[in-house]
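There are 2 protein chains.
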Amino acid sequence: MAKILRVDMSSGTCSYSDVPEIYKGLGGRGLTSAIVAREVDPLVNPLGPRNKLVFAPGLLGGTACANSGRLSVGGKSPLTSGIKESNSGGQPGGHLAGLGVLALVIENSGPKGEWLQLEISREGAVLMPCRVGGLNNYEAVARLTEESGPGSSYITIGRAGEFRLAAASIAMTDLDGQPARHAARGGLGAVMGSKGLKAIIIKPGTKKNRLTLANPEAFNSASKRFTKALLDHPVCGRSLSEYGSAAMMGLFNEAGALPTRNFSSGRFDSPETLSGERLNQLTKERGGQGRVARGCMTGCVMRCSGVFPDRLGQRIGKWPDYETMWAFGPNTDITDLDSVAQYDRLCDDTGVDTIDVGAAVAVLMEAGVLEFGDAAGALEAVAQISQGTPLGRILGSGVAVTGKVYGAVRVAEVKGQALPAFDPRSVKGQGVTFATNPQGADHTAGFSYAANILALGGDVDPLSPEGQAELSRRTQISAAAVDTLGLCMFVSFAFFETPEAIEAVVDMLNARYGWSMKRADLDGLGQRVLATEVDFNQRAGLTSASDRLPEFFRQEEVGPHRSTFDVTDSDLDRVLEFGE
Amino acid sequence: MAKILRVDMSSGTCSYSDVPEIYKGLGGRGLTSAIVAREVDPLVNPLGPRNKLVFAPGLLGGTACANSGRLSVGGKSPLTSGIKESNSGGQPGGHLAGLGVLALVIENSGPKGEWLQLEISREGAVLMPCRVGGLNNYEAVARLTEESGPGSSYITIGRAGEFRLAAASIAMTDLDGQPARHAARGGLGAVMGSKGLKAIIIKPGTKKNRLTLANPEAFNSASKRFTKALLDHPVCGRSLSEYGSAAMMGLFNEAGALPTRNFSSGRFDSPETLSGERLNQLTKERGGQGRVARGCMTGCVMRCSGVFPDRLGQRIGKWPDYETMWAFGPNTDITDLDSVAQYDRLCDDTGVDTIDVGAAVAVLMEAGVLEFGDAAGALEAVAQISQGTPLGRILGSGVAVTGKVYGAVRVAEVKGQALPAFDPRSVKGQGVTFATNPQGADHTAGFSYAANILALGGDVDPLSPEGQAELSRRTQISAAAVDTLGLCMFVSFAFFETPEAIEAVVDMLNARYGWSMKRADLDGLGQRVLATEVDFNQRAGLTSASDRLPEFFRQEEVGPHRSTFDVTDSDLDRVLEFGE
Chain A
-10 MAKILRVDMS SGTCSYSDVP EIYKGLGGRG LTSAIVAREV DPLVNPLGPR NKLVFAPGLL
50 GGTACANSGR LSVGGKSPLT SGIKESNSGG QPGGHLAGLG VLALVIENSG PKGEWLQLEI
110 SREGAVLMPC RVGGLNNYEA VARLTEESGP GSSYITIGRA GEFRLAAASI AMTDLDGQPA
170 RHAARGGLGA VMGSKGLKAI IIKPGTKKNR LTLANPEAFN SASKRFTKAL LDHPVCGRSL
230 SEYGSAAMMG LFNEAGALPT RNFSSGRFDS PETLSGERLN QLTKERGGQG RVARGCMTGC
290 VMRCSGVFPD RLGQRIGKWP DYETMWAFGP NTDITDLDSV AQYDRLCDDT GVDTIDVGAA
350 VAVLMEAGVL EFGDAAGALE AVAQISQGTP LGRILGSGVA VTGKVYGAVR VAEVKGQALP
410 AFDPRSVKGQ GVTFATNPQG ADHTAGFSYA ANILALGGDV DPLSPEGQAE LSRRTQISAA
470 AVDTLGLCMF VSFAFFETPE AIEAVVDMLN ARYGWSMKRA DLDGLGQRVL ATEVDFNQRA
530 GLTSASDRLP EFFRQEEVGP HRSTFDVTDS DLDRVLEFGE
Chain B
-10 MAKILRVDMS SGTCSYSDVP EIYKGLGGRG LTSAIVAREV DPLVNPLGPR NKLVFAPGLL
50 GGTACANSGR LSVGGKSPLT SGIKESNSGG QPGGHLAGLG VLALVIENSG PKGEWLQLEI
110 SREGAVLMPC RVGGLNNYEA VARLTEESGP GSSYITIGRA GEFRLAAASI AMTDLDGQPA
170 RHAARGGLGA VMGSKGLKAI IIKPGTKKNR LTLANPEAFN SASKRFTKAL LDHPVCGRSL
230 SEYGSAAMMG LFNEAGALPT RNFSSGRFDS PETLSGERLN QLTKERGGQG RVARGCMTGC
290 VMRCSGVFPD RLGQRIGKWP DYETMWAFGP NTDITDLDSV AQYDRLCDDT GVDTIDVGAA
350 VAVLMEAGVL EFGDAAGALE AVAQISQGTP LGRILGSGVA VTGKVYGAVR VAEVKGQALP
410 AFDPRSVKGQ GVTFATNPQG ADHTAGFSYA ANILALGGDV DPLSPEGQAE LSRRTQISAA
470 AVDTLGLCMF VSFAFFETPE AIEAVVDMLN ARYGWSMKRA DLDGLGQRVL ATEVDFNQRA
530 GLTSASDRLP EFFRQEEVGP HRSTFDVTDS DLDRVLEFGE
């Protein structure tokens, strides 16, 4: 029977408890948000001892279901001051689920000036002094791996998290044992830092340690159908593995929706320099440690996470994701893929969100501190985060703080969190999601762009204000459900088009837990999660005024469509109104 | 007949118009808040062209009434994101009123990268290129004075305002022609900077240019009674001129309410080093340009603003006010009065709020970037504001941003604005005002400490949670009325104790405008102003969650009384509830 593991950083005690009724039937984001909403006073200081940091595998975590190993992390966000869930691939999610940990709840704060690490294994959990304080993620994980031997997975923070910077991420090790997957958004790394927790080491135990399934045969059958549905889908089964998530660069540029030079244009002049195709091509040409079609976690069949090699074939880091390539590419007018890969590596190492920090760099450029396109200058500035210089701390605090410090007006953020790689004036369904999602502007909060641009799961004119509220509501509900199951967000593409994919997932849930859930219940689940989050935010003092895009999106036209964001406020206000 | 002068920074036009009915009967804070609430969308970016910057002399401005020359400045605040009124002594308020300008409204933004100046005289108003861009206040005013000749007064921003930093102030020249009086709180200097307006030059015209009074004889009689009431009062008539506002240092230290080392104690170890008595003594000993008992504006009879000389007798700046001496004294553990005076001069020159920047320095010290008590290091850091370094920009953005950038938890601010020199745990009425006032934590928002500590205008136990809500409500209403009249806040001490002082003021209003106002109507006026401000803030997205002190004031006891802030939330929520 899965348990909740509570770790009191102040007393040093770790205790397992049964799952109370109120949290039953939840996992992943649904569970982190439920725990945060119920146990954290919405008015606490996010960096104070009364905040909690919650880790939860999804409902399908630890099973043979494809792409089910995401790990949700939740807490009150120091970036948005609202509720936050940020999830990550890598191995820890599956490992924790395999160990029967439904949720790991970090409470209170450890002794000042000391770093602790938490070791979780089949024998239980123990908190102990940590010797890798002061190190960034790559070196910290290398040392921990030396100590613990192979087979474990690691959750760590870099120096940004130690500094409690508002854009600090939490790193999780991938299939290769590298800290390249991150719960990056919303500054949860700063919350982990504020607790004095530097690292979590998870020793997964043996293969035998399989979860009990209510109906193993039904599960296996459904699992196979799900895998097939993914593999048969052109995006999930082919383009992601060939080109990574960066496959989207060309599509969005073509659509005039690729924010360029700090959201001053929707089209990038040098599309050939940065793309999924170029990632693939360079990786193959350079060879060495480079790899195409690598998953980030056990059971991944979409395999978007390649390994990008330098000119000598040495691994720089994972394939930069679409949002990273955008942030350190078009939006900063940088055109060099190697610089993007170095940026990604640097952010993964320091432990910061590539989106918020990249957006902050773009604001610095618009403020004249750096030139647009100056990759070397930008990399030097980002490297300062780890050094703790004033400039580094500004950047590591994300775009909203950077904008404030530089007196900037054109700052693309909602609820303090940077807008990702979609111009809301040219993909208006996405704009509605950025405005209204309780997580702030978030790239995984709902793929309205699928229906706006890719004609997946509907076909809604991206430039019209009509129909976007409904589209956004639908995709936000879907995303909340996917995050609760622990599935990789990219399964959504199959969900939008292949009813069998969703049915297979429902069948797996029923076979796992002995439920009799129906397909519509999944939407109910997603809606319940969003309602919990919206309610927390309201108690934290956020109002509909927080559900608005920055003024310039309504005032400034963006090329090539000369469009502004013109979805009405009343449309925005009803997106997440669920009534009773 | 007084007019509203509107200046369109974008087109360069200046136009005078009659006062619409809706604004009649208002002046000072009442008028700036009414104009901002009516004409500014609460959701605009405070640094964007749709914000407005409003200057308004008070209802008694330009008359012979003692201490009536304050000038209110209003707008949406880049510091609090709510409505802001900040008023200043100096000559511009009286001059503008004398020229028949009821309100000056700066609209839109000027051409990018250019600085403009506005000249207002009896001949009208004209916008022209400004040659003092890039200079700080002292040098800017010296050059403008050379150009315009003596007799004019000046409103300027320093480099902090040019940089649009959120703690930037607006400087006003005093009786000596020095830019030593500031509308300092809430970052209105950044709003002026965002408009491209570097300076306002006011040529007051001749003595003949007196305002028409409905009943000159009644006015003169009431004016004399008011002056007498002030001069007869021990605080207004004696201690302020002898010791400046710093007279309060000893009293609050004695009461255990003087925040020390970033609000970690309520009592300062070296009270003898920093006090009004020492200001007086050193000023007299050093002689030279030093002066005791100097007013900051024509008609001041309380004369709290001395001139502080260095060891050679050269003017450093005005006498540091109580809050400045606290911010760069006990709260940073600095014990050297000359350093405080240099800090005050530096802030006046750069154009930043001494309270918010001083609070930011204390947070830097707690974060270990500087040592507590390191006056030289702190002065160097503050000097960086004018240089535009990353650290300088952080400090110039105020305590909330500084706290965020340094991952600090103990950050004493409400609505983004730094708490001034009163520990809310030991002067709880003051704490209620800091929590609930629509301006954020503000030292002039209502003198609850008078009844809490000085037994003026009541006697409410400062350590009990009882009765503080009522006390705060009363003093906030009184302060809003005083700010609307254009009176110096220090007249409040006389108001609390001397009914004749209030009656004289009501008589002056009636004699000035031909009204038949009663004493109770003054409260109605204050209440109306607050209601307007609360309503704006609600539309801007602020809720009761913004009307709370930082968590640590409830969690951490402060010595010597071992008290926490324990006024209930429901008490806080009803302070400014005005029903209809």
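If you're matching them up, the sequences are chains A and B in order. In terms of this note's numbering, the first sequence is residues -10 to 569. In terms of this note's numbering, the second sequence is residues -10 to 569. Note that beta-carbon positions come from the ideal geometry of N, C-alpha and C, so glycine has one too.
With distances taken between CB atoms, is the gap from residue 71/A to residue 539/A smaller than 8 angstroms? Judged by their CB atoms, residue 71/A and residue 539/A are not nearer to each other than the 8 angstroms cut-off.
Quick one, which residues of the stretch 144 to 159 of chain B are near chain A if we go by CB-CB under 7 angstroms, in chain order? So the list reads 152, 153, 154 and 155, given in the order they occur along the chain.
Based on Cα-Cα distance, which residue from 344/B, 452/B, 489/B and 258/B lies nearest to residue 215/B? In terms of Cα proximity to residue 215/B, the closest of 344/B, 452/B, 489/B and 258/B is 489/B.
Going by beta carbon distance, what residues of the same chain come within less than 7 angstroms of residue 361/B, once the five residues before and after it are set aside? 250, 321, 322 and 354.
What separation, rounded to the nearest whole angstrom, lies between the Cα atoms of residue 314/A and residue 410/A? Roughly 9 angstroms separates the two Cα atoms.
Alpha carbon to alpha carbon, how far is residue 366/B from residue 243/B? Approximately 29 angstroms, taken between the alpha carbons.
Counting only C-beta atoms, is residue 539/B closer than 8 angstroms to chain A at any point? With respect to chain A, the C-beta atom of residue 539/B has a partner C-beta closer than 8 angstroms.
Using a beta-carbon distance cut-off of less than 7 angstroms, what residues from the stretch 506 to 526 of chain B approach chain A? For the stretch 506 to 526 of chain B, which is checked against every Cβ of chain A, not one residue is closer than 7 angstroms.
Whether residue 420/B touches residue 556/B by CB criterion (8 angstroms): Their beta carbons are under 8 angstroms apart, which means residue 420/B touches residue 556/B by this criterion.
Using the beta-carbon of each residue, which ones in chain B are nearer than 7 angstroms to residue 532/A? Neighbours of residue 532/A on chain B, chain order: 530 and 532.
Which whole runs of the alpha helix (DSSP H) in the stretch 121 to 172 of chain A are 4 residues long or more, in chain order? DSSP runs (the alpha helix (DSSP H)) wholly in the stretch 121 to 172 of chain A: 126 to 137 and 148 to 151.
Three-way DSSP call (helix, strand, coil) for residue 221/A in this model: Secondary structure of residue 221/A (DSSP, three-state): helix.
With a cut-off of 8 angstroms, does the C-beta of residue 382/A fall near any C-beta of chain B? Taking Cβ atoms only, chain B reaches closer than 8 angstroms to residue 382/A, which makes this a yes.
Per DSSP, residue 294/B forms a beta bridge with which residues? Answer is none; residue 294/B lacks a bridge partner.
Taking 7 angstroms as the limit between beta carbons, can you name the residues of its chain near residue 339/A, skipping five residues before and five after? So the list reads 125, 147, 148, 149, 374 and 375, once near-sequence residues are dropped.
Suppose you measure from the CA of residue 3/B to the CA of residue 96/B; what does that come to, to the nearest Å? Those two C-alpha atoms are separated by around 10 angstroms.
Inter-residue CB distance, residue 59/B and residue 14/B (contact presumed, cutoff 8 angstroms): Approximately 18 angstroms separates the beta-carbon atoms of residue 59/B and residue 14/B; this is outside 8 angstroms, ruling out the contact.
Give the interface partners of residue 393/B over in chain A, defined as CB-CB distance under 7 angstroms, in chain order. Here the neighbours are 155, 386 and 390.
Beta-carbon separation (whole angstroms), residue 193/A vs residue 88/A, contact threshold 8 angstroms: Yes, residue 193/A and residue 88/A are in contact; Cβ-Cβ is about 7 angstroms, under 8 angstroms.
Which residue marks the beginning of the alpha helix (DSSP H) containing residue 379/A, and which one marks its end? Residues 379 to 385.
Against residue 125/B, what residues of chain A qualify as contacts under a CB-to-CB distance less than 7 angstroms, listed in chain order? Simply none; closest approach about 17 angstroms.
Find out if the Cβ-Cβ distance for the pair residue 161/A, residue 77/A is shorter than 8 angstroms. For residue 161/A and residue 77/A, yes; Cβs fall inside 8 angstroms.
Evaluate the contact criterion for the stretch 442 to 450 of chain A versus the stretch 478 to 493 of chain A: three or more CB pairs, one atom per stretch, below 8 angstroms. The stretch 442 to 450 of chain A, when compared against the stretch 478 to 493 of chain A, does touch it at the 8 angstroms Cβ threshold.
Cα-Cα separation between residue 294/A and residue 525/B, rounded to whole angstroms: Each residue's Cα considered, the two are about 49 angstroms apart.
Can you give the Cα-Cα distance for residue 285/B and residue 233/B, rounded to whole angstroms? Taking the straight line joining both Cα atoms gives about 12 angstroms.
With three or more beta-carbon pairs closer than 8 angstroms as the criterion, would you say the stretch 430 to 445 of chain A touches the stretch 460 to 480 of chain A? The stretch 460 to 480 of chain A and the stretch 430 to 445 of chain A touch, with three or more beta-carbon pairs separated by less than 8 angstroms.
Which residues in chain B have a C-beta closer than 8 angstroms to the C-beta of residue 34/A? List them in chain order. Within chain B, the residues placing a beta-carbon under 8 angstroms from that of residue 34/A are 398, 539, 540 and 541, ordered along the chain.
From this set, 206/A, 217/A and 257/A, which residue's C-alpha is nearest residue 324/A's C-alpha? The candidate whose alpha carbon is nearest that of residue 324/A is 257/A.
List the endpoints of the continuous beta strand (DSSP E) containing residue 552/A. It is not in any beta strand (DSSP E) - residue 552/A carries neither H nor E in the DSSP assignment.
Which of the residues in the stretch 296 to 322 of chain B, read from start to end, lie with their CB under 7 angstroms from any CB of chain A? Cβ contacts with chain A: none found.
Is it buried or exposed for residue 567/A, if we count other Cβ within 10 angstroms and need 16 for buried? Per the 10 Å Cβ criterion, exposed.
C-beta contact flag for residue 416/B and residue 388/B at 8 angstroms: Result no, Cβ atoms of residue 416/B and residue 388/B do not sit closer than 8 angstroms.
Leaving out the 5 sequence neighbours to the left and right, which residues in its chain are closer than 8 angstroms to residue 202/A when beta-carbon positions are compared? Cβ neighbours of residue 202/A within its own chain (closer than 8 angstroms, five residues either side excluded): 52, 208, 500 and 501.
Counting along the chain, where does the alpha helix (DSSP H) carrying residue 8/B start and finish? Where residue 8/B is concerned, there is no enclosing alpha helix (DSSP H), given that its DSSP letter is neither H nor E.
Tell me the rounded alpha-carbon separation between residue 412/A and residue 542/A. Taking the straight line from one Cα to the other gives about 9 angstroms.
Where residue 367/B meets chain A, residues with beta-carbon distance less than 9 angstroms: In chain order: nothing, as chain A lies at least about 15 angstroms away.
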